[in-house]
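Working notes, beginning with the structure itself.
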Amino acid sequence: MTTDTNVLSYWNNWRFLICAIFILSSIVLAAVLIWKYEGCKKSRRERRENQRETVGSLYEDEAWRTSLKVIHPAWLLAYRLIAFVVLLSLIVTNIVLDGVGILYFYTQWTFCLVTIYFGLGSSLSIYGCYKYRSRVGEDAADHVRDEERGTYVAPTLGENADTSNTYKSFTDEECPSRKGAGVYVYIFQVIYQMCGGAVVLTDVIFWLILYPFLTSKDYKLNFMMVSMHSFNVVFLLGETILNSLRFPLFRISYFVLWTGIFVIFQWIIHACKNMWWPYPFLDLSSSYAPLWYLGVGVAHIPCYGAYALIIRMKQLWFSRSFPGSFQVER
Numbered sequence: 012m013t014t015d016t017n018v019l020s021y022w023n024n025w026r027f028l029i030c031a032i033f034i035l036s037s038i039v040l041a042a043v044l045i046w047k048y049e050g051c052k053k054s055r056r057e058r059r060e061n062q063r064e065t066v067g068s069l070y071e072d073e074a075w076r077t078s079l080k081v082i083h084p085a086w087l088l089a090y091r092l093i094a095f096v097v098l099l100s101l102i103v104t105n106i107v108l109d110g111v112g113i114l115y116f117y118t119q120w121t122f123c124l125v126t127i128y129f130g131l132g133s134s135l136s137i138y139g140c141y142k143y144r145s146r147v148g149e150d151a152a153d154h155v156r157d158e159e160r161g162t163y164v165a166p167t168l169g170e171n172a173d174t175s176n177t178y179k180s181f182t183d184e185e186c187p188s189r190k191g192a193g194v195y196v197y198i199f200q201v202i203y204q205m206c207g208g209a210v211v212l213t214d215v216i217f218w219l220i221l222y223p224f225l226t227s228k229d230y231k232l233n234f235m236m237v238s239m240h241s242f243n244v245v246f247l248l249g250e251t252i253l254n255s256l257r258f259p260l261f262r263i264s265y266f267v268l269w270t271g272i273f274v275i276f277q278w279i280i281h282a283c284k285n286m287w288w289p290y291p292f293l294d295l296s297s298s299y300a301p302l303w304y305l306g307v308g309v310a311h312i313p314c315y316g317a318y319a320l321i322i323r324m325k326q327l328w329f330s331r332s333f334p335g336s337f338q339v340e341r
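Numbering of the sequence shown is given in the working numbering, commencing with residue 12 and proceeding in unit increments.
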């Protein structure tokens with residue numbers, strides 16, 4: 012059997028047909044989930060008018076607010092800026108050393124996505140710090156005006172007991188001052204969830220499959236290779252500890268679309284030009300190709316679920332250890 016990827020016989024067979032059906036079915040299913048839970052413009056407008064929260068609801072301040080009240084949003088901004096600079100430097104260095112050919116790899120796609128996430132997050136945190144400072148300044152000004160007018164009444168002991176609940180009412184979704192997220196924040200949230208699943212998938216495949224059985228036979232680990240398969244997940248885990256973003260499970264659909272687009276991109280490139288596959292299990296000349304595609308596809312579920320579990324454990328830990336400071340919606 013020919014190994015040329017740009018000849019008709021390579022694609023005109025049962026292996027490619029089965030793989031294509033699997034990929035396209037996954038994309039269609041993901042699109043259906045997105046339509047069902049994200050909803051059309053009319054249904055979103057009705058939910059806003061009725062002030063009804065859904066599984067995909069998001070508020071503007073969730074993009075820059077920290078998981079604990081005692082942590083100033085500026086700390087999250089500083090973390091995002093550092094992560095963005097480090098990740099951008101690594102991906103640029105990798106391109107300079109190894110050329111743009113590294114962008115054929117799913118690992119670099121994911122690394123670039125995480126870098127974009129921290130870039131967007133930095134800009135949102137800058138805006139958030141401005142909003143936070145303005146809000147604190149307004150509260151302080153109101154307090155001073157009340158004292159000058161002689162209308163300020165110190166809370167009693169009983170009222171002090173409800174202080175945390177009073178503060179909470181200004182951060183929960185029932186608070187009328189909280190602004191619903193715009194398109195920019197929703198994109199940020201979607202990228203966050205795509206990154207969560209993708210970094211787990213890339214690291215699991217590399218460290219448990221590619222390196223032990225394939226990569227180690229050809230060349231040894233170097234700094235750039237280790238960095239590409241560690242820095243992104245480390246920075247993203249630190250981000251998860253600090254931020255207040257939700258992680259609704261239905262957005263695994265965007266993660267599936269991300270991988271589906273990568274696979275279709277590889278098919279188009281290889282159909283136009285005979286070249287090597289970035290990952291051996293993508294090669295359609297093998298009779299086991301459908302099983303490889305199915306296995307990697309199914310692996311999306313536990314990889315995404317693992318990151319969702321990390322976030323759930325964080326929520327449980329923070330809510331029990333810092334009940335008066337925890338401010339993440341579930």
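Each residue gets a CB set at the ideal place from its N, CA and C atoms; glycine is no exception.
Please determine, among the options, the residue with the shortest C-alpha to C-alpha distance to residue i.
i      : options                        : result
Ser100 : His83, Ala192, Cys123, Leu87   : Cys123
Val364 : Asp109, Gly132, Val237         : This structure leaves residue 364 out entirely; the chain is present only between 12 and 341.
Val309 : Leu28, Leu19, Thr126, Ile216   : Ile216
Leu293 : Pro313, Gly271, Ile312, Cys314 : Gly271
Ser264 : Thr126, Asp109, Trp86, Val201  : Val201
Trp269 : His83, Met236, Gln204          : Gln204
Gly193 : Ala42, Phe234, Ser20, Glu73    : Glu73
Leu98  : Tyr290, Val237, Ile137, Ser255 : Val237
Do you know offhand how far residue i's Cα is from residue j's?
i      : j      : result
Leu35  : Ile106 : 31 Å
Tyr115 : Thr213 : 14 Å
Phe129 : Leu40  : 29 Å
Phe246 : Lys190 : 28 Å
Leu135 : Tyr70  : 13 Å
Leu232 : Trp46  : 43 Å
Tyr222 : Cys206 : 22 Å
Gly110 : Pro313 : 33 Å
Ile29  : Leu256 : 38 Å
Which residue or residues does DSSP assign as beta-bridge partners of residue i?
i      : result
Gly191 : Tyr70
Phe337 : Leu79
Leu254 : Residue identity differs from the one stated: residue 254 is Asn in this sequence, not Leu. Partner(s): Thr77.
Can you find the residues in the same chain that come closer than 7 Å, C-beta to C-beta, to residue i, ignoring five residues on each side of it along the sequence?
i      : result
Ser330 : Phe337
Phe273 : Tyr117, Trp120
Pro259 : Val66, Gly67
Lys325 : Thr251, Ile252
Grab me the residues of residue i's own chain with a C-beta within less than 6 Å of its C-beta, minus the 5 sequence neighbours each way, in chain order.
i      : result
Val81  : Ser336
Phe333 : Leu79
Ser10  : Residue coverage of the chain in this structure runs from 12 to 341, which leaves residue 10 outside it and unanswerable.
Ala85  : Cys140
In its own chain, which residues sit with a C-beta less than 8 Å from the C-beta of residue i, not counting the 5 before and 5 after it?
i      : result
Leu168 : For Leu168, the predicted structure reports a pLDDT of 43, less than 50, and the residue's modelled location is therefore unreliable. The matter cannot be settled from this model.
Met286 : Thr16, Ile280
Leu248 : Ile321
Met239 : Leu101, Asn105, Thr118, Gln119, Phe122
Q) Taking one C-beta from the segment 128 to 146 and one from the segment 315 to 332 each time, how about it: are there three or more such pairs within less than 8 Å? A) no
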